[in-house]
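Residue numbers (the working numbering): 596 to 827.
The C-beta atom is built at its ideal place from N, Cα and C for all residues, glycine as well.
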């Protein structure tokens with residue numbers, strides 16, 4: 596089985612559409628379908644059709660329940676500027692789907708066990724688990740995960756890390772990567788995980804952002820991040 600592992604789409608339908616063209620038999624989605632991008636409905640609708648297993652991200656939770664996503668800095672500015680437009684573009688069914696998503700999920704495939712969570716098992720929605728996370732933090736998270744492979748998102752930074760016969764993987768971000776541009780993803784096949792990036796028309800997506808009528812500074816910083824010119 597070939598499993599496509601994706602996270603952090605953030606309303607970027609152009610990027611999601613590109614990555615879903617990658618060959619796959621199933622999809623694992625690690626949260627944050629919505630917020631920031633102008634096509635949250637299209638993203639939720641596609642994930643409802645294609646994602647075999649999904650978990651909720653902090654932005655899915657914040658948008659669905661109209662609560663703080665706990666973003667900070669530049670991300671907080673993007674959050675505030677796009678929240679109302681995001682909610683307006685989602686249907687009641689979209690919001691209900693986001694509310695139903697679990698925050699953590701255990702999956703077994705071909706005798707391999709996976710733990711899916713957006714942030715970290717110790718704090719499924721908000722805590723960051725970066726590539727250089729201390730060993731003592733990994734020990735706690737892997738104990739709670741109780742799986743061969745721990746899959747996380749949230750940082751928007753790809754990671755593949757071996758630790759005590761376990762593997763921790765972050766596929767990066769489909770819609771808003773912190774490093775480079777393009778739609779990032781991972782693939783699990785025959786017991787091996789590989790990280791990848793697929794190109795898409797970023798300039799067309801930046802043009803679509805203008806439909807949100809964002810403040811000039813917010814639009815400029817989002818465009819710079821999407822084009823790989825900044826790392827907020």
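Own chain partners of residue i with C-beta closer than 8 Å, once the 5 adjacent residues on each side are dropped
i	result
residue 799	609
residue 708	701, 702, 741, 742, 743 and 744
residue 825	816 and 819
C-beta contact flag for residue i and residue j at 9 Å
i	j	result
residue 642	residue 628	yes
residue 793	residue 614	yes
residue 721	residue 765	no
residue 664	residue 719	no
residue 617	residue 795	no
residue 777	residue 696	no
residue 773	residue 820	yes
residue 770	residue 638	yes
Residues near residue i by beta carbon distance below 7 Å, same chain, minus five either side
i	result
residue 736	715, 716, 717, 724 and 745
residue 633	606, 803, 804, 806 and 807
residue 672	813
residue 706	none
residue 783	598 and 600
residue 786	707
Same chain, Cβ closer than 6 Å to residue i, five either side skipped, listed in chain order
i	result
residue 619	597 and 599
residue 685	635 and 636
residue 693	655 and 659
residue 646	622 and 624
residue 604	611, 628, 638, 769 and 770
residue 827	669 and 820
Residues that residue i bridges to, as DSSP identifies them
i	result
residue 789	782
residue 653	In the DSSP output, where bridge partners are listed per residue, residue 653 has none listed.
residue 757	762
residue 718	715
residue 599	622 and 782
Per-residue burial, residue i [other beta carbons within 10 Å of its own, 16 or more giving buried]
i	result
residue 667	exposed
residue 691	exposed
residue 789	exposed
residue 767	buried
residue 688	exposed
residue 676	buried
residue 775	exposed
residue 727	exposed
residue 738	exposed
Practice task
Within the segment 601 to 628, note down every full alpha helix (DSSP H) run reaching 4 residues or more, in order along the chain.
Solution key: 608 to 615
Practice task
Output the residue ranges of the alpha helix (DSSP H) runs that lie fully inside the segment 680 to 709 and measure 4 residues or longer, sorted by chain position.
Solution key: 687 to 695
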